[in-house]
Amino acid sequence: MEDVELTGSGTDATSALAAELVASGAMDGLFEQIDSGKLQLTGDGGFVPAMIKAALERGLQAELTEHLGYAKHDPAGHGTGNSRNGTSSKTLATEVGEVKIDVPRDRAGTFTPMLVPKGARRLGGLDDIIISLYAGGMTIREIEHHLASTVGTELSHETISNIVDEIADEVLAWQNRPLDAFYPVIYLDALMLKIRDGAHVRNKAAHIAVGVDIDGIKHVLGIWIENTEGAKFWASVCADLANRGVRDVLIVCTDGLRGFADAIEATWPDSLVQTCVVHLIRASMRFVSYGDRKAVTKALKPVYTAPNEEAALEALLEFEDSPMGRKYPHAVATWRDAWDRFTPFLAFPPMLRRVIYTTNSIESLNYQLRKVTKNRGHFPSDEAARKLLWLAICNIEDKRARAREKEKGLPASKRKASGRLVEGQVTTNWKQALAQLAVAYPERMNPYLTY
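Going by the working numbering, 56 is the number at position 56 of the sequence shown; the sequence numbering is gapless.
Right, here's the structure in full:
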């Protein structure tokens with residue numbers, strides 16, 4: 001089914017017109033009826049649906065006049081071979097409830113309206129509401145109930161599902177879009193989702209990649225869903241990024257994903273794979289009692305804040321010989337097992353360390369995505385999961401952008417809106433980190449630097 005798109009002259013123009021009508025007193029009678037309860041704005045018999053009906057029917061009559069070439073009751077229509085032939089009834093689902101309109105017909109049956117195309121059953125704005133609700137985490141059935149109970153519009157489960165499915169092509173285009181040839185830093189992290197796989201529902205990992213471009217701007221590069229991690233899967237992810245144009249990556253920061261190091265080095269041999277220090281700390285706390293965690297974390301801090309690898313190893317040995325180290329040998333083993341992937345960042349200066357030591361930026365994104373997905377039992381397919389995650393990312397950034405727009409012009413002390421979550425966010429202290437990268441990797445950086 002098609003939907004009807006109503007376009008206006010813009011929000012500012014609409015607001016100005018409404019303010020002008022209010023100031024002129026032309027709306028006083030209407031306000032009195034609303035205040036007295038004689039007139040309701042929305043729902044069955046509401047004023048707004050009646051205005052939509054009147055506007056659509058007037059537009060349709062104007063279209064028919066243009067199609068026939070003469071106005072209603074105009075003698076010029078005699079002998080033309082075609083004329084008006086009554087109306088047919090149609091019900092449209094809208095943002096303010098169902099609206100029944102009379103669509104004019106011509107006797108020859110050649111009139112094809114553009115304002116309300118044949119087959120149209122809803123106004124375009126309703127689609128945006130449905131997609132926004134879906135992106136916010138509501139299921140198809142919850143949206144169906146929400147529309148019926150709030151605006152009085154009843155849409156079938158199939159119709160709502162079809163509206164959401166219409167964005168599948170956009171998600172596919174986004175997942176396959178061309179990428180930059182060079183990303184100084186890429187972060188990788190995952191969140192677990194329940195997804196139907198044949199007759200069973202399985203836990204699958206949705207891996208999200210965030211790349212930092214040469215200007216320090218972060219971009220979500222893609223979403224990959226797989227049952228298990230491992231070299232074969234990560235080889236396919238790297239191949240996908242390479243096929244979309246990524247030729248070189250300096251540093252890849254991960255949460256210690258199995259098999260990734262071999263895959264990344266097979267695709268980009270000169271890349272450095274860095275284990276996220278925050279993930280490493282969490283892993284080492286896995287078997288530490290809650291009461292001892294603060295003390296163990298404090299004792300491990302000299303390891304990851306050491307000036308170099310030699311000092312870090314000395315700090316780890318000191319912890320191993322301490323009472324806490326002897327009590328929790330697993331914490332020591334965790335650091336030893338990840339040592340080769342933990343130590344690379346120790347060779348860099350402070351500003352660059354701050355950029356690559358953690359995947360916190362992508363973890364913040366995953367935290368917001370978990371809020372959206374937590375109420376769902378499971379997803380019917382990998383594609384459905386990827387679609388919701390993509391929509392949720394867009395929705396989160398749009399909400400934050402609208403909040404910032406509302407505070408535009410206010411002093412900084414009065415602004416409370418959040419900045420960008422990930423997409424389009426500028427990496428903190430990027431200029432200093434970029435300068436340190438240029439010193440560390442001059443031959444690989446220089447071709448991409450513009451002066």
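Note that the Cβ used here is the ideal one computed from N, Cα and C, for glycine as well.
Which residues share a DSSP beta bridge with residue i?
i, result
"VAL99", "LEU92"
"TRP224", "HIS207"
"ALA50", "Answer is none; ALA50 lacks a bridge partner."
"THR305", "DSSP output for THR305 lists no bridge partner at all."
"ALA331", "According to DSSP, which records beta bridges pairwise, ALA331 is partnered with nothing at all."
"HIS274", "Per the sequence presented here, residue 274 reads as Gln, with His not at that position. In DSSP, GLN274 forms a bridge with CYS253."
"PRO104", "THR87"
"VAL426", "ILE217"
"PHE182", "ASP248"
"MET192", "ALA205"
"TYR187", "VAL210, CYS253"
"ASP197", "HIS200"
"PHE345", "None; PHE345 has no bridge partner."
"PHE379", "ILE195"
Would the beta-carbon of residue i fall within 9 Å of that of residue j?
i, j, result
"ALA331", "MET285", "yes"
"ASP106", "LEU68", "yes"
"VAL273", "TYR183", "no"
"VAL220", "ILE186", "no"
"GLY216", "VAL372", "no"
"ILE167", "LEU193", "no"
"THR358", "VAL278", "yes"
"TYR328", "PHE379", "no"
"ALA71", "THR80", "no"
"GLN436", "LEU346", "no"
"GLN175", "ILE251", "no"
"ASN395", "ALA135", "yes"
"ILE129", "LYS53", "no"
"ALA338", "THR275", "yes"
"ARG404", "SER413", "no"
"MET324", "ALA306", "no"
"TRP268", "ALA242", "yes"
"ARG376", "ASP270", "no"
"ARG177", "ARG244", "yes"
"GLU318", "ARG326", "no"
"ASN429", "ALA438", "no"
"ALA206", "VAL237", "no"
"ILE131", "SER161", "no"
Could you say which of the options lies nearest to residue i if we only look at CA atoms?
i, options, result
"ARG247", "ALA181, ALA266, LEU317", "ALA181"
"THR227", "LEU241, ASP197, SER236", "For the record, residue 227 in the displayed sequence is Asn; it is not Thr. Cα-wise, what sits closest to ASN227 is ASP197."
"THR110", "ALA417, ILE101, SER83", "SER83"
"ASN203", "SER381, TRP339, GLU170", "SER381"
"PRO104", "ARG58, GLU144, HIS73, PRO75", "ARG58"
"ALA498", "GLU318, ILE281, MET114", "Since the first residue of the chain shown is 1 and the last is 451, residue 498 is not available in this structure."
"ILE208", "THR139, SER361, ARG376, ILE214", "SER361"
"LEU400", "LEU389, PRO411, ARG415", "It should be pointed out that residue 400 corresponds to Arg in this sequence rather than to Leu. Selected option, being the one with the closest Cα: ARG415."
"LEU56", "THR112, VAL99, LEU30, ARG326", "VAL99"
"ALA261", "PHE233, ALA283, ARG282, GLY245", "PHE233"
"ALA440", "PRO349, ILE264, THR87", "PRO349"
"ILE281", "LYS118, LEU316, ASN85", "LEU316"
"GLU383", "GLY29, ASP169, ALA19, ALA93", "ASP169"
"TYR448", "ILE264, ILE214, ASN308", "ILE214"
"LEU421", "THR159, SER289, ILE393", "ILE393"
"ASN85", "THR91, ALA93, HIS73", "HIS73"
"LEU30", "PHE47, LYS90, ALA19, GLU20", "PHE47"
"ALA50", "LEU92, ALA311, GLY77", "LEU92"
"SER89", "ALA311, LYS118, SER24", "LYS118"
Since I believe residue j is in contact with residue i (beta carbons under 8 Å), could you give me their beta-carbon distance rounded to a whole number of angstroms?
i, j, result
"ILE163", "ASP127", "5 Å"
"GLU397", "LYS218", "Not confirmed; about 11 Å, so no contact."
"THR427", "VAL355", "6 Å"
"ALA433", "ILE195", "Not really, about 37 Å apart at Cβ, beyond 8 Å."
"TRP335", "VAL303", "7 Å"
"LEU41", "GLN33", "That belief does not hold up - the Cβ atoms of LEU41 and GLN33 are roughly 10 Å apart, past 8 Å."
"ASN366", "LEU191", "5 Å"
"HIS146", "LEU133", "6 Å"
"LEU389", "LEU369", "6 Å"
"LYS387", "VAL171", "5 Å"
"VAL116", "LEU60", "6 Å"
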